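In my numbering, the protein residues as written are 658 to 926. Ideal placement from N, C-alpha and C gives every residue a C-beta, glycine not left out. Being a predicted model, the structure only gives us computed values, none of them experimental.
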Amino acid sequence: MKDFLWALNFLTIVPTGKRWYERSPEIGNVAFWFPIIGLLMGVVLTFIYFPTTRFFPYLVADAVILIFYILITGGFHLDGFADTCDGLFGGDTREKRLDIMRDSRTGSYGALCLICTIGLKYLCLFSVDPRDVAELSVITDYKTIKGLNPIYLYACEKGKVLFFMCAIGRWSQVLGAGLSSYARDEQGTGQIIIENVNIKHVLFSSFVPGILIFLFCGIKGIFIFFIAFIVVTLFILYVKKKIGGMTGDTLGAANEVSEITVLLAFLVI
658 MKDFLWALNF LTIVPTGKRW YERSPEIGNV AFWFPIIGLL MGVVLTFIYF PTTRFFPYLV
718 ADAVILIFYI LITGGFHLDG FADTCDGLFG GDTREKRLDI MRDSRTGSYG ALCLICTIGL
778 KYLCLFSVDP RDVAELSVIT DYKTIKGLNP IYLYACEKGK VLFFMCAIGR WSQVLGAGLS
838 SYARDEQGTG QIIIENVNIK HVLFSSFVPG ILIFLFCGIK GIFIFFIAFI VVTLFILYVK
898 KKIGGMTGDT LGAANEVSEI TVLLAFLVI
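Rendered as structure tokens:
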């Protein structure tokens, strides 16, 4: 339970007490809970979907959901994504890139990438057809799902997309930590995760989201998971080439890259 609360505090604005543990190899066990926290975020957002789709047009409901999502996370990962974009695109040396990423001010690259990212997420979420998502499930009968009230069908199936968008996004942070070392010489927010997560933790944290996405989305769901893995791995390799490792900011960026990949994959598969 302590590991779960640590992960919940690290990834959301939910207050759960002391955030930082003494740095030790056991901190890697917290990584197991990252995708599960993502699944819980999806559950919360799905419950919010029900009243929003009842009182607002779907176009507005999807926007409200994304706003709530940003509030739940405190914009933590988006902030890291913006800093990463500023550093990677604005610096010409490793040291300069890291210095720019450390700057609390958001530059033009970061602002533009934030606008594009949030806008693309919204368009993808709105464009996902809940009937197509319902057909992927291997544990429920599509005819039964199809007979649901359209509002409930929309909320449940869009909620399913949110489950896996959030879960695979958090899992991607574990992947980034497990495949890399800490890039900075000085301490930073992501150091405690990056230094103590390894491939074993990455594999261990893959089980729950992998099983659930297969049950609810079938083989195509596993393919979506695999696509996210490939894209995020390429992103991690690119970041390592630019700054020599990962930081807390780039873990947040990996989360955003993964979420966009999952949404796009749901549209085309």
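When we look at the beta-carbon of residue i and count the other beta-carbons within 10 Å, is it buried (16 or more) or exposed?
i    : result
N912 : buried
C773 : exposed
Y895 : exposed
Q830 : buried
L891 : exposed
D740 : buried
V700 : exposed
T907 : buried
T918 : buried
T703 : buried
F814 : Checking the sequence, you will find Glu at residue 814 rather than Phe. E814 is buried by the Cβ-count criterion.
K817 : buried
R762 : exposed
F667 : buried
E843 : exposed
R680 : The predicted position of R680 is uncertain, since its pLDDT is 47 and thus under 50; a value taken from the coordinates is nonetheless stated next. It is exposed - the Cβ of R680 has fewer than 16 other Cβ atoms within 10 Å.
A664 : buried
P672 : exposed
M658 : exposed
I849 : buried
I870 : buried
F821 : buried
G835 : buried
P787 : buried
V687 : buried
F864 : exposed
E916 : buried
A768 : exposed
V717 : exposed
L860 : exposed
L920 : buried
I851 : buried
Looking only at DSSP bridge pairs, what is residue i linked to?
i    : result
M903 : Y839
With a Cβ-Cβ cutoff of 8 angstroms, do residue i and residue j count as a contact?
i    : j    : result
G764 : D743 : yes
G909 : G737 : yes
Y779 : D719 : yes
L696 : C823 : yes
V721 : F923 : no
G847 : G905 : yes
I900 : R751 : yes
M903 : S862 : no
A791 : L819 : no
I926 : K877 : yes
L745 : R841 : no
L771 : L723 : no
So does residue i have its beta carbon nearer than 7 angstroms to some heavy atom of the ligand MN?
i    : result
G847 : Judged by which ligands are present, the structure shown has none, so any question about the ligand MN falls away.
Step through the CB atoms of chain B and report whether any lies within less than 8 angstroms of the CB of residue i.
i    : result
A739 : Among the protein chains of the structure shown there is no chain B, as only one such chain exists.
**Prompt:** Which runs of the alpha helix (DSSP H), 4 residues or longer, sit entirely within the region 718-752?
**Reply:** Under the rule that a run must span 4 or more residues, the alpha helix (DSSP H) segments found entirely inside the region 718-752 read 733-747.
**Item:** contact_flag[the region 828-846, the region 685-700] where n(CB pairs < 8 angstroms) is 3 or more
**Value:** Because the criterion of three Cβ pairs below 8 angstroms is met, the region 828-846 and the region 685-700 touch.
**Item:** At least 3 beta-carbon pairs within less than 8 angstroms: the region 703-719 vs the region 877-889
**Value:** Look at the beta carbons and you see the region 703-719 not touching the region 877-889: under three pairs across the two are nearer than 8 angstroms.
**the region 855-866 / the region 715-730 touching (three or more Cβ pairs under 8 angstroms)** = By the criterion of at least three beta-carbon pairs nearer than 8 angstroms, the region 855-866 is not in contact with the region 715-730.
**Request:** Counting only runs of 3+ residues fully inside the region 812-890, write out the beta strand (DSSP E) ranges in chain order.
**Result:** For the region 812-890, not a single whole beta strand (DSSP E) run of length 3 or above is found.
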